[in-house]
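Under the numbering used here, the residues of the sequence shown are numbered 2 to 61, in order.
Okay, so here's the structure we're looking at.
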Amino acid sequence: MGNRKRTHGINIRVTEEEKRLIERCAAHCQLSVSEYLRRLACGKTAAASEGGIMNHEKQN
Numbered sequence: 002m003g004n005r006k007r008t009h010g011i012n013i014r015v016t017e018e019e020k021r022l023i024e025r026c027a028a029h030c031q032l033s034v035s036e037y038l039r040r041l042a043c044g045k046t047a048a049a050s051e052g053g054i055m056n057h058e059k060q061n
């Protein structure tokens, strides 16, 4: 996907809790929320900076 010019947007509705979780996961991976969600949507791994993989499953 690289440096393609992105001209289309996608808007979604999430709860406040979902928003915080997405933002926290993106920050942990040192990615913007947009890049984090693009990677997940395209089946790529959003790896954490220390080489670990962020767990995307909600913890009970």
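Quick reminder that beta carbons are idealized off the backbone N, C-alpha and C, glycines included.
Cα-Cα separation between residue i and residue j, rounded to whole angstroms
i	j	result
residue 12	residue 43	17 Å
residue 6	residue 20	26 Å
residue 49	residue 32	9 Å
Reduced DSSP secondary structure (H/G/I, E/B, other) of residue i
i	result
residue 47	coil
residue 7	coil
Where the alpha helix (DSSP H) through residue i begins and ends
i	result
residue 34	34-42
residue 20	17-29
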